[in-house]
Amino acid sequence: MTTLRPLHHALGDRVEDIPFTASDGTRLGLTRVAPADGSTDRPVVLILHGLTASADMFTLPETRNLVDVLLDAGYEPWLLDWRGSCRLPYNEGRVRYTFDDVALYDIPEAVSLIKERIEGRELLVVAHCIGAMCLSLSMAAGLVPGLSGVVAQGVFLTPKMSWKTRARLHFGGELLRSRFVNIPTDFKKVGMWSKHSLIFAEVSLGAECKDPNCQILHNDSWGVGGSLFEHDNLDDVTHDRLADLYGTVPMWILPHLRSIELAHTMMRYNDNDGRYDALPKNALDEAGSFGTPLMLLSGSDNRFWYDSNEICHDVLKRRYPEMDVRYVEVPGYGHLDAFIGRNAALDVFGHIVDFLDECRVPAADELHA
Ligand SMILES: [Zn+2]
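Going letter by letter, the sequence shown gives residues 1 to 369 in full-length UniProt numbering.
In structure tokens:
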């Protein structure tokens, strides 16, 4: 029996855990946050985390978080813990999944379940990192029709990493994969003399902060290079619980990540398994069919995905001039801090709410016409 670690939040009894098992038998997490006023007619925002993160990154009790802001702006937030969540045990196991499974099962089936529950209310999505990449593949496959608007943070259809991360992913990643099944983020679970302590020793090189869990995320992104946040943007409480927020990285996911990065586009991985035929080989080729307003968001100092989303915007505009797509860059932000930063409510979430509000304007205009 798969257990789901309880959500860490300060929302009291307004948090509803919705039992949700994907059709391939994988138990996932789905959480609805009820508005304090008890309203049941609000537009819904589904929020997707990145790989090894979880819904926890949107409900940080120590800061004004995305769920707080969406509630105050008149939305009903829903949070999906897809199979790459650290609230679930799959990243630590030997049963492998690829992003194809997330795009084919987790996201479309969560969207279907939510639509059943909300009966015709508007549904919008805010997605982070690899959650956004998987969403792009679901959208390209036509598996999540009828979304009123989509925000993708950090990366979406066109991933691009630094040359160092690329090299590690292609060569170092192969070495890592032969030695380890996964790389933990929590140093306490590693111990000084385990095989993993070598990775922590390596990522500490040149680090200004002494916290090993911070180093593996900030100084060297699990040993593949890059940096996942701007250090000064985190609240001290968040900084000290990074190991709760970001879990183990499974090495067996790297081949799919590598093929995506090599192509600089979101790709299906499983080519010889009929179950995945519903997914297109290359999501970018199907993006013209999205029919959903799209906001691509990135910190100006994202040192993991760099300018992937700016590139994505330019590529989409060139290929599909009619597409409703915009790029918003937040000065002084890296990657994760766009959601977990202590001032993200001031610096980032306003852009998200403005866009979501705007996505709903045409419907209001039609009513008044
Ligand atoms: Zn630190």
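Built from N, CA and C at the ideal position, the CB exists for glycine as well.
For E116, the enclosing alpha helix (DSSP H) begins and ends at 107-118. Rounded to whole angstroms, C214 and H239 show a C-alpha spacing of 7 angstroms. As computed with DSSP, S227 is found in a beta bridge with R303.
In this structure, the beta-carbon distance from R303 to G225 does not fall below 7 angstroms.
Residue ranges of uninterrupted alpha helix (DSSP H) with 4 or more members, entirely inside the segment 36-104 and ordered along the chain, are 66-72. Nearest C-alpha to D186 among H231, L242, S221, T158: L242. Looking at the DSSP output, A338 sits in no beta bridge, so it has no partner there. Cβ neighbours of C209 within its own chain (closer than 7 angstroms, five residues either side excluded): Q215, H218, H231. Closer than 6 angstroms to some heavy atom of ligand 1: that describes the Cβ of D211. The way I'd put it, the segment 28-46 does touch the segment 118-135; three or more beta-carbon pairs between them come closer than 8 angstroms.
Beta-bridge partners of V33 (DSSP): V15.
Taken from the Cβ of C359, every heavy atom of ligand 1 lies 6 angstroms or farther away. In terms of Cβ geometry, I130 and G50 form a close pair [threshold 7 angstroms]. If you check the CB distance, N91 and T248 come in under 7 angstroms. Here D81 is buried, its C-beta having at least 16 other C-beta atoms within 10 Å. Between the beta-carbon of M266 and that of M57 there is about 22 angstroms, and that puts the pair past the 8 angstroms contact cut. A direct Cα-to-Cα measurement between T165 and S221 gives close to 9 angstroms. Counting of Cβ neighbours within 10 angstroms places S112 among the exposed residues, the total staying below 16.
In the DSSP secondary-structure assignment, V328 is bridged to L297. Linking S54 to L346 through their CA atoms gives a straight-line distance of about 22 angstroms. Cα atoms of F290 and V328: separation of roughly 19 angstroms, rounded to the nearest angstrom.
For V95, the number of other beta carbons within 10 angstroms of its own is below 16, and it is reported as exposed. By the CB criterion at 7 angstroms, P108 and N182 fall outside the cutoff. Taking 6 angstroms as the cut-off, the C-beta of C312 does not count as close to any heavy atom of ligand 1. Shortest gap from the CB of C86 to any heavy atom of ligand 1: 6 angstroms or more. When C-alpha distances from F355 are compared across T21, H256, A152, N272, the shortest belongs to A152.
The DSSP assignment places 236-240, 242-245, 254-263 as complete runs of the alpha helix (DSSP H) inside the segment 218-286, in order along the chain (cut-off: 4 residues). Look at C214: its beta carbon is less than 6 angstroms from one of the heavy atoms in ligand 1. At least 7 angstroms separates the beta-carbon of T63 from that of R275.
In the DSSP annotation of this structure, V348 is not part of any alpha helix (DSSP H), being labelled neither H nor E.
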